[in-house]
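*Asks:* Let me give you the structure first, and then I'll get to my questions.
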Amino acid sequence: MGETIVLYPSPLRGHIVSMFELGRLLRKRHPRFSIIIILPSASSAAAPIASSSSITVLHLSSSAAPAAAEPDQTPFDLARQDTSNLRLALAAIAAAADLRALIIDIFSDAAFPVAAALGIPTYYYFTSGAFSLAVFLHFSTLHGRTSKSFKDLGDETLNIPALPPIKASDMPGGMDDRDLRIYGYFLDTCRNMISSSGIIVNTCESLETRTISAIKEGSCVPDGPTPPIFAVGPLVESKVDGDGDGGHKRERRHECLSWLDSQPSRSVVFLCFGSEGRFSAMQLKEMASGLERSGVRFLWVVRPPPQDASAKSTSGSNDAEDASLEKFLPEGFLERTRERGMVLKSWAPQMQVLSHGSVGGFVTHCGWNSIIEAVHAGVPMVAWPLYAEQKVNRAFLVEEAALALPLSMSGKDGFVSADELAKRVTELMTGSGEGKVVRERVSAARDGVVEALSDGGSSQVSLAAVAELWKRG
């Protein structure tokens with residue numbers, strides 16, 4: 051099998067997709083390496099989304115009888131269940147091939163001690179950006195400065211090198227409450243990352259210049275050496291790669307794309323909040339009112355409120371589903387806006403939508419994959435963070451890079467009024483006020499990303515640097 055790199059993602063769909071994109075990039079740019087992706091036992095539902103003929107895929111079997119999922123089970127727990135079978139798989143690969151490195155993500159951290167015991171150099175693939183990475187690398191230091199949970203510090207600011215002041219309450223979910231088991235997992239992961247052979251980051255130098263420089267200079271790890279940092283992205287999900295082995299079935303074109311075909315250039319604002327993004331019925335009605343008041347053309351992906359027992363994810367919409375949306379929206383809203391708006395239940399082909407010429411703005415939950423897809427497409431954003439590290443990402447988008455407009459939120463749940471949404475959407479789409487600056491900055495960011503990913507660009511140079519380490523063994 052020759053020189054081999056093993057990639058081991060956590061069972062989260064977005065992490066699996068991003069890890070496959072990294073694998074494809076390695077095969078394309080450095081074909082001397084054989085690529086094996088080991089999928090965890092809990093990833094059966096997500097695995098088919100990302101097959102590839104140029105990559106060998108192994109799927110770990112469960113080492114225990116299926117059990118009911120615990121209500122507080124985390125991705126870390128799912129990975130820990132596979133450590134015995136992972137050890138066997140890695141040992142078998144090492145016996146049959148020249149295994150040069152193992153690449154894991156933050157939630158598959160349980161693999162780190164397994165690989166260390168086998169003498170396998172381990173790298174972390176950080177699927178978010180350098181801004182969030184700075185938080186992770188500095189987390190152990192922050193932990194030692196207080197005995198309180200960050201969630202209890204309220205609006206007190208945290209000083210993290212190369213970042214603007216971050217509110218303690220904006221720390222990523224799970225890292226804000228030291229009484230939770232997952233807090234300990236994150237703390238262990240952050241310490242293991244610092245001890246790893248290197249960190250591969252899904253960003254590029256031009257997008258996060260200041261933060262990447264500060265991390266490389268060691269500012270985020272004041273009490274020890276910082277591992278090598280390789281910014282090789284930003285990588286987005288591909289449908290079919292250059293060799294035609296993207297692993298995605300050709301599907302019928304989604305109806306929303308046909309609707310976009312009939313809209314003027316850059317006239318539509320797209321609202322989509324990820325696979326886990328849900329709002330209360332009250333907030334959905336407020337959002338609808340805001341869109342109606344704005345007068346802007348819109349494409350809006352709506353997921354039923356979390357308390358709704360019928361909430362199910364779908365791929366597309368039909369008449370019955372459209373009718374069911376009415377109970378979550380103001381009476382007559384769909385009829386009144388039918389000439390300038392389209393509402394979809396649960397799902398839309400996001401990358402295709404953002405790349406469409408009629409889309410001129412994006413209201414996003416600030417998930418990193420969504421951010422880099424928007425930058426790739428040159429689409430300016432309005433930032434509406436909901437969970438995970440998204441409030442940290444908002445700080446990057448709004449305060450550091452000026453790629454998005456902020457929203458004023460109130461209360462513990464971050465309620466956004468109709469007037470606030472209408473104001474920001476109008477500002478973004480008309481290019482008035484701060485909207486003009488954001489549009490210009492996103493256009494420049496897109497050009498920087500294109501250059502970074504091209505031959506000789508900074509991301510290709512970083513990928514070549516880590517590949518050179520693997521070649522040396």
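Counting from 51, one number per residue, gives the positions in the sequence shown under our numbering. Quick reminder that beta carbons are idealized off the backbone N, C-alpha and C, glycines included. Just so we're clear, the structure is a prediction, and the values are computed from it rather than from any experiment.
1. Buried or exposed: G506, going by 16 or more other Cβ atoms within 10 Å of its Cβ?
2. By the DSSP assignment, the beta strand (DSSP E) with T106 in it spans what residues?
3. Cα separation between F83 and L394?
4. What first and last residue would you give for the beta strand (DSSP E) that runs through E518?
5. State yes or no: is the beta carbon of V487 nearer than 9 Å to at least one beta carbon in chain D?
6. Which whole-angstrom value is the C-beta distance of P125 and F162, which I expect to be below 8 Å?
7. In the DSSP assignment, find the alpha helix (DSSP H) that holds Y235 and state where it starts and stops.
8. Could you compute how far the alpha carbon of G248 sits from the alpha carbon of L519?
9. Can you say whether A167 is buried or exposed, counting buried as having 16 or more other CB atoms within 10 angstroms of its CB?
10. Beta-carbon separation of E439 and G223 under 9 Å?
11. List the DSSP bridge partners of I87.
12. To the nearest angstrom, report how far apart G52 and I170 are at their CA atoms.
13. Could you pull out every residue in the same chain whose Cβ sits closer than 6 Å to the Cβ of G485, ignoring the five residues on either side in sequence?
14. Which two residues bound the contiguous alpha helix (DSSP H) that contains M392?
15. Are the region 336-347 and the region 457-475 touching by the rule of at least three beta carbon pairs closer than 8 Å?
16. Rounded to whole angstroms, what is the Cα-Cα separation between P278 and D155?
17. Between the beta-carbon of Q313 and the beta-carbon of S396, is there less than 9 Å?
18. Using a Cβ distance threshold of 8 Å, determine whether the region 445-458 contacts the region 175-184, with at least three qualifying pairs required.
19. Measuring alpha carbon to alpha carbon, tell me which residue in I422, F189, E381, F329 is nearest M401.
20. With burial defined as no fewer than 16 other Cβ atoms inside 10 Å of the residue's Cβ, what is the status of E71: buried or exposed?
21. Name, in chain order, the residues that DSSP records as bridge partners for V413.
22. What would DSSP say about G248, mapped onto helix, strand or coil?
23. Output the distance between the C-alpha atoms of L89 and T133, rounded to the nearest integer angstrom.
24. Helix, strand or coil for D555? Go by DSSP, reduced to three states.
25. Quick check on the DSSP output: the beta strand (DSSP E) that includes F348 runs from which residue to which?
26. Could you say which of V282, E470, S317, V516 lies nearest to S460 if we only look at CA atoms?
27. Enumerate in chain order the residues of its own chain whose CB-to-CB distance from M190 is below 6 Å, with the five nearest sequence positions on each side excluded.
28. Taking only the alpha-carbon atoms, compute the straight-line gap between L187 and L285 and give it to the nearest angstrom.
29. Along the chain, where does the beta strand (DSSP E) containing T172 start, and where does it finish?
30. I believe L108 touches I85 by the beta-carbon criterion, under 8 Å. Please report the beta-carbon distance rounded to the nearest angstrom.
31. Reducing DSSP to helix, strand and coil, say where L453 ends up.
32. Smallest Cα separation from P61: which of S93, I265, E389, L76?
33. According to DSSP, is S263 helix, strand or coil?
34. What residue does the alpha helix (DSSP H) around A129 start on, and which one ends it?
35. Excluding sequence positions up to five away, which residues of its chain have a Cβ less than 8 Å from the Cβ of V429?
36. Under DSSP, the beta strand (DSSP E) around I279 begins and ends at which residues?
*Replies:* Judging by the given coordinates:
1. As a first step, residue 506 must be located in the sequence shown, where it is residue number 456. The residue in question, G506, is exposed, as its Cβ has fewer than 16 Cβ neighbours within 10 Å.
2. Locating residue 106 in the sequence shown gives position 56, where the first residue counts as 1. It spans 106-109 - the beta strand (DSSP E) in which T106 sits, taken as one unbroken run.
3. For the purposes of this step, residue 83 is taken as residue 33 along the sequence shown, with counting starting at 1. For the purposes of this step, residue 394 is taken as residue 344 along the sequence shown, with counting starting at 1. C-alpha separation (whole angstroms): 42 Å.
4. By one-based count along the sequence shown, residue 518 stands at place 468. Here E518 belongs to no beta strand (DSSP E); instead the alpha helix (DSSP H) covers 508-522.
5. Looking at the structure shown, chain D is missing, and only one protein chain is on hand.
6. Against the sequence shown, residue 125 aligns to sequence position 75. Against the sequence shown, residue 162 aligns to sequence position 112. No, P125 and F162 are not in contact; Cβ-Cβ is about 15 Å, not under 8 Å.
7. What you label residue 235 is simply residue 185 of the sequence shown in a count that begins at 1. Annotation: the continuous alpha helix (DSSP H) that includes Y235 extends over 231-245.
8. Position 198 of the sequence shown, counted from the first residue, corresponds to residue 248. Position 469 of the sequence shown, counted from the first residue, corresponds to residue 519. Between G248 and L519, the C-alpha separation is close to 10 Å.
9. In the sequence shown, residue 167 corresponds to position 117, counting from 1. Classification of A167: exposed, given that the 10 Å Cβ count is below 16.
10. By one-based count along the sequence shown, residue 439 stands at place 389. By one-based count along the sequence shown, residue 223 stands at place 173. Yes; because the gap between Cβ atoms is below 9 Å, this pair is in contact.
11. Taking the first residue of the sequence shown as 1, we reach residue 87 at position 37. DSSP lists L57, V107 as partners of I87.
12. As a position in the sequence shown, residue 52 is number 2, starting the count at 1. As a position in the sequence shown, residue 170 is number 120, starting the count at 1. The alpha-carbon atoms of G52 and I170 are separated by roughly 15 Å.
13. As a first step, residue 485 must be located in the sequence shown, where it is residue number 435. Its chain contains E477, L478 as the residues whose beta carbon lies nearer than 6 Å to that of G485, once the 5 sequence neighbours on both sides are disregarded; these appear in chain order.
14. Reading the sequence shown from its first residue, position 342 is the one you call residue 392. Careful: M392 lies outside any alpha helix (DSSP H), inside the beta strand (DSSP E) at 391-395.
15. yes
16. Position 228 of the sequence shown holds residue 278. Position 105 of the sequence shown holds residue 155. One C-alpha to the other measures close to 16 Å.
17. As a working note, residue 313 is residue 263 in the sequence shown. As a working note, residue 396 is residue 346 in the sequence shown. Their beta carbons are not under 9 Å apart, which means Q313 does not touch S396 by this criterion.
18. Enough Cβ pairs lie closer than 8 Å, so yes.
19. For the purposes of this step, residue 401 is identified with residue 351 of the sequence shown, where counting begins at 1. For M401, the closest alpha carbon among the candidates I422, F189, E381, F329 is that of I422.
20. Mapped onto the sequence shown, residue 71 falls at position 21. Flag for E71 reads buried.
21. To locate residue 413, count along the sequence shown from 1; it is residue 363. BP columns for V413 point to L321, V432.
22. Your numbering for residue 248 matches position 198 in the sequence shown. G248: strand per DSSP, three-state reduction.
23. For the purposes of this step, residue 89 is taken as residue 39 along the sequence shown, with counting starting at 1. For the purposes of this step, residue 133 is taken as residue 83 along the sequence shown, with counting starting at 1. In a straight line, the C-alpha of L89 is about 12 Å away from that of T133.
24. Nothing in the structure corresponds to residue 555, since the chain is present only between 51 and 523.
25. As a first step, residue 348 must be located in the sequence shown, where it is residue number 298. Counting along the chain, the beta strand (DSSP E) containing F348 begins and ends at 347-352.
26. For the purposes of this step, residue 460 is taken as residue 410 along the sequence shown, with counting starting at 1. The residue with the shortest Cα to Cα distance from S460 is E470.
27. Taking the first residue of the sequence shown as 1, we reach residue 190 at position 140. The amino acid at residue 190 is misidentified as Met; the sequence shows Ser. Hits under 6 Å: C240, R241.
28. Position 137 of the sequence shown, counting from 1, holds the residue named residue 187. Position 235 of the sequence shown, counting from 1, holds the residue named residue 285. As the crow flies, the alpha-carbon of L187 is around 22 Å from that of L285.
29. Position 122 of the sequence shown, counting from 1, holds the residue named residue 172. Run containing T172: 172-176, per the beta strand (DSSP E) assignment.
30. For the purposes of this step, residue 108 is taken as the residue at position 58 of the sequence shown. For the purposes of this step, residue 85 is taken as the residue at position 35 of the sequence shown. By a beta-carbon distance limit of 8 Å, L108 does not contact I85. Their separation comes to about 11 Å.
31. Taking the sequence shown and counting its residues from 1, the one referred to as residue 453 is at position 403. The answer is coil: DSSP assigns L453 none of H, G, I, E or B.
32. Counting from 1 along the sequence shown, the entry for residue 61 is found at position 11. When only C-alpha atoms are compared, the closest one is S93.
33. Position 213 of the sequence shown, counted from the start, is the residue given in the question as residue 263. Three-state DSSP puts S263 in a helix.
34. Position 79 of the sequence shown, counted from the start, is the residue given in the question as residue 129. Start and end: 125-130.
35. Stepping through the sequence shown from its first residue, residue 429 is reached at position 379. F320, L404, V409, G410, G411, F412, V492.
36. Within the sequence shown, residue 279 is the residue found at index 229, counting from 1. Its beta strand (DSSP E) spans residues 279-281.
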